[in-house]
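Colleague: Before anything else, here's the structure in question.
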Amino acid sequence: MTNYIVRNAYKSDWDPAIKLAWETFLKFDAPDFSQEGINNFSNFINDDILYKLFLAGNYQLFVAYDNNELIGMLSLRERKHISLLFVDSRYHKKGIGSSLISFVKDYCLNEEGVSTLTVNSSPYATGFYHRLGFINLEDEISTDGIRYTPMKLMLSEV
16 MTNYIVRNAY
26 KSDWDPAIKL
36 AWETFLKFDA
46 PDFSQEGINN
56 FSNFINDDIL
66 YKLFLAGNYQ
76 LFVAYDNNEL
86 IGMLSLRERK
96 HISLLFVDSR
106 YHKKGIGSSL
116 ISFVKDYCLN
126 EEGVSTLTVN
136 SSPYATGFYH
146 RLGFINLEDE
156 ISTDGIRYTP
166 MKLMLSEV
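Numbering (our numbering), first residue to last: 16 to 173.
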């Protein structure tokens, strides 16, 4: 079992987290996306505006580290929407994603005062979110080449 920590991100975590998101996306999500979707995802994570929102505290980033190695990341927008969640493939099925969600659930309830988490899950991750108690809000949607299923989790019931 790995000894890892989950915490709020520092400015220095941004570039490694985005790199992890991109590499993991290419391996697991991109096969389900059109080229348009892949390009749009790349544009989203590499947008300077996103980074500026993070620096201003309007786009939260949470990270998981195994010693000094970044192994997972989760970003939150609008205080309650999981925007990105990626775990290094070597750490899949070891509880890292669940630990990130658990950390963010506590953060949302105690720091943001919100009782619902939402996510637009990629086809690859829907089973993961279902196992954590997320429910579909509607069937899969495709927008700008990106396939996703809108989901929510009631935190007050957890």
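We put the beta carbon where it would ideally sit given N, CA and C, even for glycine. Just so it is clear, the structure is predicted and the values come from calculations on it, not from any experiment.
1) With a threshold of 8 angstroms, are at least 3 pairs of Cβ atoms found where one atom belongs to the region 90-98 and the other to the region 45-55?
2) For P31, I'd like the list of residues in its chain whose CB is within less than 6 angstroms of its CB, leaving aside the five on either flank, ordered along the chain.
3) Does the beta-carbon distance from L170 to L132 come in below 8 angstroms?
4) Could you check the C-alpha separation between K109 and I20 for me, to the nearest Å?
5) Assuming the contact rule is C-beta atoms closer than 8 angstroms, G112 and G148 should be a hit. Round their C-beta distance to whole Å, please.
6) To which residues of the same chain is V173 closer than 6 angstroms at the C-beta, ignoring the five residues directly before and after it?
7) Along the chain, where does the beta strand (DSSP E) that runs through K34 open and close?
8) Please classify Y25: is it buried, with 16 or more other beta-carbons within 10 angstroms of its beta-carbon, or exposed?
9) Among residues of its own chain, excluding the 5 on either side of F59, which ones have a beta-carbon nearer than 8 angstroms to its beta-carbon?
10) When you compare the CB positions of F69 and Y139, do they come within less than 8 angstroms of one another, or not?
11) Whole angstroms are fine: how far does the CA of I150 sit from the CA of N18?
12) Measure the CB-CB distance between T39 and F101 and report whether it falls below 8 angstroms.
13) When you compare the CB positions of Y74 and S90, do they come within less than 8 angstroms of one another, or not?
14) For T164 and Y144, what's the separation of their Cα atoms in angstroms?
15) Using a 10 Å radius around the Cβ and a threshold of 16 neighbouring Cβ atoms, would you call I161 buried or exposed?
Modeller: Inspection of the coordinates gives the following:
1) Verdict: no, contact absent.
2) The answer, listed in chain order, is L85.
3) In this structure, L132 lies closer than 8 angstroms to L170 by Cβ.
4) Distance between the alpha carbons of K109 and I20: 13 angstroms.
5) Separation of the CB atoms of G112 and G148 is rounded to 13 angstroms, and the pair is thereby denied contact status at 8 angstroms.
6) Low confidence applies here, because V173 scores a pLDDT of 42, under 50, leaving its location unreliable; read the following figure in that light. So no residue of the chain qualifies.
7) Segment 29-39 is the alpha helix (DSSP H) holding K34; no beta strand (DSSP E) there.
8) Classification of Y25: exposed, given that the 10 Å Cβ count is below 16.
9) L65.
10) Their beta carbons are not under 8 angstroms apart, which means F69 does not touch Y139 by this criterion.
11) Each residue's alpha carbon lies about 30 angstroms from the other.
12) Between T39 and F101, the gap from beta carbon to beta carbon is short of 8 angstroms.
13) Contact: yes.
14) Cα-Cα distance, rounded: 10 angstroms.
15) By the neighbour-count criterion, in which 16 or more other beta carbons inside 10 Å mark a residue as buried, I161 falls on the buried side.
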